[in-house]
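Its first residue numbered 296, the sequence shown is counted upward by one per residue in UniProt numbering.
A short write-up of the structure that comes next.
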Amino acid sequence: VIILVSSVAVLAEVYGDLLRAAGATERLMELLRARSPITSPANPKPLPPARGGSAVALRDVNFRYPSRPQHAALSQLTLEVKPGETVALVGPSGAGKSTVFQLLLRFYDVSTGQVTVDGVSVQEASLNDLRHRIGIVPQDSVIFSANAMENIRYGRPDATDDEVMATAKAAFAHDFITALPEGYATFLGERGVRLSGGQRQRISIARAMLKNPPLLLLDEATSALDAESERMVQAALESAMRDRTTLVIAHRLSTVQRADRIVVLDAGQIVEQGTHAQLSAAGGLYARLAAMQFDMQVAS
Ligand code: ATP
């Protein structure tokens, strides 16, 4: 688990329940907490119920990473996302896309400005509540040393086998899992059956869906998949985004085309927003990025 924790996205995925389910001791949990200056407030504000997805807002956010105080990672960033909306974040490397995720998960506190989830400042909510509300699919899918059933169940440790299987179906993972030598009992991970990139992604998507969070943060994988895998992963993502708010760091044309709104970031600021058609016609940064990034990808 310690090795997995090297990536913040993964830390988010395995945080809390998941880490406990993975067999982390209280001592390890303490160590992880001690490494972070972020603490839960003594008297947290409860998050109101989020039906049909969370409302998310970043208002006038300025943020510098503590290790790099001379560099503004986000500048005067304002972004409001309505319940159920799917927003694609695009922009060149270093634009601040992952930083938006880190602030929503409250891995860092903003320098100035405010981040709210369902109307409550992330600093006023309990960290547990906040992170319970957020599901994450990292760019590199994590496969635990456990069988297929348990790998998905990490998303919600108290889920029944039937619930896991229903979710696997929705994430287009059920068919390949049942075709494994021992079906759901097949051991995965380093010492188990090796999955293809697309299969790993669908396990990761199923895990996030099982958690059933009102807010889904998706860091789309950049790795090229064969056309068949690509279609399955896209179908899984489509089903994962349904009935919740989704922010996706998008690398694929099919994903941005499906988004309700595309937000283009550059150097920590929003430079353009709109639909794929609008932004393509505008001939700005998006049009240039799209021409470079999307033309060699499977667009169906
Ligand atoms: P990419 O597409 O390459 O993942 P991004 O748009 O997600 O890029 P961020 O990772 O959010 O960009 O980075 C925004 C800025 O903050 C960059 O200048 C980056 O170098 C810096 N940065 C990111 N993470 C850290 C960190 N942990 N410590 C210091 N600076 C960081």
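C-beta atoms are modelled at their ideal positions from N, C-alpha and C, and glycine is treated no differently.
Quantities reported herein were computed from a predicted structural model and do not represent experimental measurements.
Do you know offhand how far Gly493's Cα is from Glu525's?
Each residue's Cα considered, the two are about 7 Å apart.
Suppose contacts are defined by Cβ-Cβ distances below 9 Å. Is Ala535 in contact with Val432 by that definition?
Against a cut-off of 9 Å, the Cβ pair of Val432 and Ala535 comes out as a contact.
From what residue to what residue does the alpha helix (DSSP H) around Thr407 run?
Counting along the chain, Thr407 falls outside any alpha helix (DSSP H), though it belongs to the beta strand (DSSP E) covering Thr407 to Val412.
Find out if the Cβ-Cβ distance for the pair Gly353, Gln409 is shorter than 9 Å.
Just to set this straight, residue 353 is Leu in the shown sequence, not Gly. Cβ atoms of Leu353 and Gln409: closer than 9 Å.
Would you mind giving the Cβ-Cβ distance between Val376 and Val417, rounded to the nearest angstrom? I have them listed as a contact below 8 Å.
No, Val376 and Val417 are not in contact; Cβ-Cβ is about 14 Å, not under 8 Å.
Going by beta carbon distance, what residues of the same chain come within less than 7 Å of Ala474, once the five residues before and after it are set aside?
None.
Would you check whether the ligand ATP has a heavy atom nearer than 8 Å to the C-beta of Tyr360?
Flag set: Cβ of Tyr360 near the ligand ATP.
Is Leu574 helix, strand or coil by DSSP?
Three-state DSSP puts Leu574 in a helix.
Cα separation between Ala531 and Phe471?
Cα to Cα, Ala531 sits roughly 13 Å from Phe471.
Taking the beta carbon of Asn442 as the centre, do at least 16 other beta carbons fall within 10 Å, making it buried, or is it exposed?
With 16 or more other Cβ atoms within 10 Å, it is buried.
For Val566, I'd like the list of residues in its chain whose CB is within less than 6 Å of its CB, leaving aside the five on either flank, ordered along the chain.
Excluding residues within five positions, the ones whose Cβ falls inside 6 Å are Val559 and Leu580.
Could you tell me whether the stretch 366–382 touches the stretch 540–553, using the rule of 3 or more Cβ pairs below 8 Å?
Output reads yes: the stretch 540–553 touches the stretch 366–382.
Note down, in chain order, each residue of its chain lying with its Cβ closer than 7 Å to the Cβ of Arg359, except the 5 sequence neighbours on either side.
Cβ neighbours of Arg359 beyond the five flanking positions: His366, Ala367, Ala368 and Ser406.
Go to Leu584, then tell me how far its alpha helix (DSSP H) extends in each direction, as first and last residue.
Residues Leu580 to Gln588.
The ligand ATP and Leu560: does any heavy atom of the ligand fall closer than 8 Å to the residue's C-beta?
True, at least one ligand heavy atom lies under 8 Å from that Cβ.
Cβ of Gly389 within 8 Å of any heavy atom in the ligand ATP?
Correct: Gly389 has its Cβ closer than 8 Å to the ligand ATP.
Considering only C-alpha positions, which residue in the set Val356, Ala522 and Asp514 is nearest to Gly386?
Per the Cα distances, Asp514.
Once you ignore the five residues that flank Phe439 on each side, which residues in its own chain have a CB closer than 8 Å to its CB?
Cβ neighbours of Phe439 beyond the five flanking positions: Ala317, Glu445, Asn446, Tyr449, Leu483 and Gly484.
Between which two residues does the beta strand (DSSP E) containing Ala383 stretch?
Note, Ala383: beta strand (DSSP E), Thr381 to Val385.
What I want to know is whether the C-beta of Gly563 ends up closer than 8 Å to one or more non-hydrogen atoms of the ligand ATP.
For the ligand ATP, at least one heavy atom lies less than 8 Å from the Cβ of Gly563.
Looking at Ser575 and the ligand ATP, is the gap between the Cβ and the nearest heavy atom below 8 Å?
No, the Cβ of Ser575 stays beyond 8 Å of every heavy atom of the ligand ATP.
When the Cα atoms are used, what is the spatial distance from Ser436 to Val488?
Roughly 15 Å between the two C-alpha positions.
I'd like to confirm something about Ser518: is its beta-carbon nearer than 8 Å to some heavy atom of the ligand ATP, or not?
No, the Cβ of Ser518 stays beyond 8 Å of every heavy atom of the ligand ATP.
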